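To start, the structure itself, in structure tokens.
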Amino acid sequence: MPNFFKKPTMSGHLWIIYAISLILLGFIWYYQWMLGLLMTLFLAASIFYSVRTEQHMINETEEYISTLSYRVKKVGEEALLEMPIGIILYSENYTVEWANPYMNRFTSEDTVVGESLKKLSDQLIPALKEEEDEVWITIDGYKLQTVVKREERLLYLFDRTQQTEIHNRYENEQTVLAIIFLDNYEEITQGMDDTAKSHINSQVTSILNKWAGDYGIYLKRTSQERFMAVMNQEILYTLEKAKFEILDDVRELITDQNVPLTLSFGIGVGPISLPELGELSQSSLDLALGRGGDQVAIKDDSGKVRFYGGKTNPMEKRTRVRARVISHAMKELVQASEKVLIMGHKSPDMDSIGASIGILKIAQANDKKAAIVLDPDDIDTGVQRMVEEIEKDEDLWQYFIPPEDALEMVTNNTLLVVVDTHKPSMVMEEKLLSKTEHVVVIDHHRRAEEFIKDPTLVYMEPYASSTAELVTELLEYQPKKLKLSMLESTALLAGIIVDTKSFTLRTGSRTFDAASYLRSKGADTVQVQKFMKEDLDVYVRRSKLIEKASIYRDGIAISTGDHGESYGPVIIAQAADTLLTMSGIVASFVISERSDGRIGISARSLGDINVQVIMEKMNGGGHLTNAATQLEDTTIEDARDLLQDIIDEYFEGGDTE
Numbered sequence: 001m002p003n004f005f006k007k008p009t010m011s012g013h014l015w016i017i018y019a020i021s022l023i024l025l026g027f028i029w030y031y032q033w034m035l036g037l038l039m040t041l042f043l044a045a046s047i048f049y050s051v052r053t054e055q056h057m058i059n060e061t062e063e064y065i066s067t068l069s070y071r072v073k074k075v076g077e078e079a080l081l082e083m084p085i086g087i088i089l090y091s092e093n094y095t096v097e098w099a100n101p102y103m104n105r106f107t108s109e110d111t112v113v114g115e116s117l118k119k120l121s122d123q124l125i126p127a128l129k130e131e132e133d134e135v136w137i138t139i140d141g142y143k144l145q146t147v148v149k150r151e152e153r154l155l156y157l158f159d160r161t162q163q164t165e166i167h168n169r170y171e172n173e174q175t176v177l178a179i180i181f182l183d184n185y186e187e188i189t190q191g192m193d194d195t196a197k198s199h200i201n202s203q204v205t206s207i208l209n210k211w212a213g214d215y216g217i218y219l220k221r222t223s224q225e226r227f228m229a230v231m232n233q234e235i236l237y238t239l240e241k242a243k244f245e246i247l248d249d250v251r252e253l254i255t256d257q258n259v260p261l262t263l264s265f266g267i268g269v270g271p272i273s274l275p276e277l278g279e280l281s282q283s284s285l286d287l288a289l290g291r292g293g294d295q296v297a298i299k300d301d302s303g304k305v306r307f308y309g310g311k312t313n314p315m316e317k318r319t320r321v322r323a324r325v326i327s328h329a330m331k332e333l334v335q336a337s338e339k340v341l342i343m344g345h346k347s348p349d350m351d352s353i354g355a356s357i358g359i360l361k362i363a364q365a366n367d368k369k370a371a372i373v374l375d376p377d378d379i380d381t382g383v384q385r386m387v388e389e390i391e392k393d394e395d396l397w398q399y400f401i402p403p404e405d406a407l408e409m410v411t412n413n414t415l416l417v418v419v420d421t422h423k424p425s426m427v428m429e430e431k432l433l434s435k436t437e438h439v440v441v442i443d444h445h446r447r448a449e450e451f452i453k454d455p456t457l458v459y460m461e462p463y464a465s466s467t468a469e470l471v472t473e474l475l476e477y478q479p480k481k482l483k484l485s486m487l488e489s490t491a492l493l494a495g496i497i498v499d500t501k502s503f504t505l506r507t508g509s510r511t512f513d514a515a516s517y518l519r520s521k522g523a524d525t526v527q528v529q530k531f532m533k534e535d536l537d538v539y540v541r542r543s544k545l546i547e548k549a550s551i552y553r554d555g556i557a558i559s560t561g562d563h564g565e566s567y568g569p570v571i572i573a574q575a576a577d578t579l580l581t582m583s584g585i586v587a588s589f590v591i592s593e594r595s596d597g598r599i600g601i602s603a604r605s606l607g608d609i610n611v612q613v614i615m616e617k618m619n620g621g622g623h624l625t626n627a628a629t630q631l632e633d634t635t636i637e638d639a640r641d642l643l644q645d646i647i648d649e650y651f652e653g654g655d656t657e
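Residues in the sequence shown are numbered from 1 upward in steps of one, following full-length UniProt numbering.
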């Protein structure tokens with residue numbers, strides 16, 4: 001036993017007592033020697049007894065400590081060998097030097113000593129190199145939580161298989177609510193007789209009931225065009241793996257009008273209450289319908305959204321009644337406001353500027369002060385000619401103000417109208433959104449996850465060719481004193497022509513109606529062509545981009561710009577459009593550096609490939625046939641590699657995402 005564990009023969013306080021006793025004994029001997037002799041005998045007996053008792057206690061303590069030490073040592077050895085925890089000592093080159101017997105249950109080998117840690121799990125060595133303190137690994141079906149003691153080169157492995165199974169079972173059995181909506185049921189069945197309507201109802205119900213039965217889903221029809229489905233997370237995972245093939249099955253039901261019937265799903269998931277799940281599913285359905293329908297939107301309790309489907313172009317199904325209602329609502333909002341501010345997106349195009357001018361005329365028709373927010377330093381070459389022409393018209397140009405002036409003008413009672421975008425990060429001046437409680441959003445893009453918070457009025461129609469088309473329809477229902485000048489109507493028509501590529505893409509009957517209305521107001525098509533003219537050097541630069549195109553997969557053209565050479569979004573968009581006109585090309589992607597240091601990608605397709613969902617994977621968006629994105633902190637090569645990986649995933653996943 002170490003010396004520092006031993007105690008003195010007697011405690012210090014006893015020595016003090018005996019020392020005082022000896023001093024007193026001396027006085028007694030001096031005055032009464034007989035009594036002193038007697039007391040001396042008593043004191044000697046007391047000291048003897050104390051020393052003996054103290055020594056006995058020390059011996060017992062030493063014996064107890066010795067026994068306890070032996071037991072602790074024995075328990076430690078047994079725990080090391082028999083405790084249900086895996087223990088591994090590894091060498092500097094990640095080879096197992098020693099392992100306790102418990103590790104044998106995780107491997108078919110007699111011993112793991114001498115084996116590389118990689119043989120146990122591919123995750124171990126990378127985790128050790130990255131200096132992680134904990135890593136989860138799988139060995140022969142066992143889920144092990146591994147704690148790393150790097151200085152001792154020691155691993156503790158805890159079997160968490162049962163806990164993982166319980167957790168997975170909990171996750172898999174969580175309730176999922178889905179609302180299924182027949183997108184165009186009302187339009188398709190409007191002219192049908194009862195027999196035809198009953199027939200299509202029977203077909204849809206039969207397909208959905210079979211689908212629900214195959215996957216174990218509870219399905220209930222709540223109205224002619226709406227179903228409610230209840231499932232769990234495990235079923236949802238299976239549906240996601242199958243990419244919701246029910247969308248394709250229902251789309252194959254061609255009606256008498258030769259128009260496919262399409263479905264939209266709004267799904268709410270997460271460990272929350274049933275009322276909250278219901279709100280999530282309704283919100284998801286609104287998002288799916290806002291993106292044009294024929295797709296699935298899955299939203300969890302954190303607000304993240306996953307999309308599936310969206311293969312078809314959205315069909316035009318807005319009505320004149322809706323346009324008139326929105327126009328009337330706009331009129332009331334304008335009249336109730338102090339002033340009106342209008343802004344489009346950053347680097348505005350002709351559609352954004354034209355639509356802004358249209359809203360300006362609505363405000364003026366209702367005798368309200370209005371202004372258009374335009375950053376003079378953020379004007380792209382594609383709209384330069386239009387802006388220069390507007391500058392010549394002093395009566396119109398006076399209503400264009402920079403973002404700084406708009407921030408000084410805005411009040412809580414100002415009506416802010418956002419056109420041609422619905423993303424806060426893309427508006428001309430994001431600070432304006434928080435300066436007023438009255439915001440109107442007018443847009444023709446498919447709705448994305450990012451959306452302006454709590455708008456007063458939303459007019460989003462992905463079926464429209466352009467925002468200028470939507471605004472033109474609103475103008476038709478404003479007060480009769482509304483007057484459009486030739487330049488104003490030309491600006492609106494330019495927005496329609498540019499976004500439809502001269503009425504070749506996303507053009508419906510309403511598009512021609514809007515163009516006809518503008519033409520009757522004096523819109524000059526020759527002036528539009530002048531706006532769209534380009535410089536020779538721009539044409540040459542675009543041609544160089546096209547020249548660098550290569551074919552990736554069947555019919556997909558990808559072009560990349562040179563390092564150090566930046567291109568505006570209009571040029572790369574035009575290059576993508578031009579590539580799409582080439583024989584055998586069904587989709588085109590153009591990648592280049594931008595003047596702001598980011599990497600821009602413009603995507604186009606003929607409709608067979610959904611470039612919108614591909615761009616959404618890269619934090620972008622747009623339409624099924626027309627989309628784009630901007631990437632930060634990357635290179636052209638990395639952007640191309642990422643794009644190719646996403647294209648591969650798109651095709652391997654069945655073209656549905």
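Even glycine gets a Cβ: it sits at the ideal position worked out from N, Cα and C.
Keep in mind it's a predicted model, so treat the numbers as computed, not measured.
By the three-class DSSP mapping on this structure, what secondary structure does residue i have?
i	result
Val410	coil
Tyr567	coil
Leu475	helix
Asn619	coil
His438	strand
Ala549	coil
Ile496	helix
His123	For the sequence presented, residue 123 should be read as Gln rather than His. It is coil, neither helix nor strand.
Thr421	coil
Met330	helix
Arg542	helix
Pro101	helix
His56	helix
Pro275	helix
Asn168	helix
Leu487	helix
Lys339	strand
Val51	helix
Comparing the C-beta of residue i with each C-beta of chain B, is any distance below 8 angstroms?
i	result
Ser91	Absent from the structure: chain B. Only one protein chain is present.
Taking just the CA atoms, how far does residue j sit from residue i?
i	j	result
Ala99	Ile139	15 angstroms
Val526	Ser516	15 angstroms
Phe503	Lys431	36 angstroms
Pro101	Phe265	53 angstroms
Tyr185	Glu547	46 angstroms
Ser198	Lys220	17 angstroms
Glu404	Leu374	10 angstroms
Leu35	Arg52	26 angstroms
Glu225	Leu236	22 angstroms
Ala627	Met615	6 angstroms
Tyr552	Glu151	50 angstroms
Arg251	Ala639	34 angstroms
Thr111	Ala127	23 angstroms
Leu38	Leu25	10 angstroms
Val269	Met228	14 angstroms
Phe5	Tyr156	Any reading at Phe5 needs caution, since the residue's pLDDT is 44, under 50, leaving its predicted position unreliable; the model's value is listed next. Their Cα atoms are separated by approximately 34 angstroms.
Would you kindly report the start and end of the unbroken beta strand (DSSP E) that includes residue i?
i	result
Gly303	That residue, Gly303, is in no beta strand (DSSP E); it is neither H nor E in DSSP.
Ser202	First-last for Ser202: 194–215, but that is the alpha helix (DSSP H), not the beta strand (DSSP E).
Thr560	556–560
Assuming residue i contacts residue j (C-beta within less than 8 angstroms), just tell me the rounded distance between them.
i	j	result
Leu144	Asp159	6 angstroms
Gln364	Ala370	6 angstroms
Lys368	Lys339	6 angstroms
Ile298	Ser284	6 angstroms
For the ligand NAD, I want to know if residue i counts as a neighbour, meaning its beta carbon is within less than 7 angstroms of at least one of the ligand's heavy atoms.
i	result
Glu450	No copy of the ligand NAD appears in this structure; indeed no ligand is present at all.
Where does the unbroken alpha helix (DSSP H) through residue i begin, and where does it stop?
i	result
Gly358	350–365
Arg251	246–251
Glu389	381–392
Ala515	509–520
Ser643	Note on identity: in this sequence residue 643 is Leu, with Ser being the wrong assignment. Leu643 -> alpha helix (DSSP H) spans 636–652.
Gln529	525–531
Considering only DSSP beta bridges, list what residue i is partnered with.
i	result
Gln145	Trp136, Phe158
Ser264	Phe181
His345	Val427
residue 670	Here the chain comprises residues numbered 1 to 657, so residue 670 is not present and cannot be evaluated.
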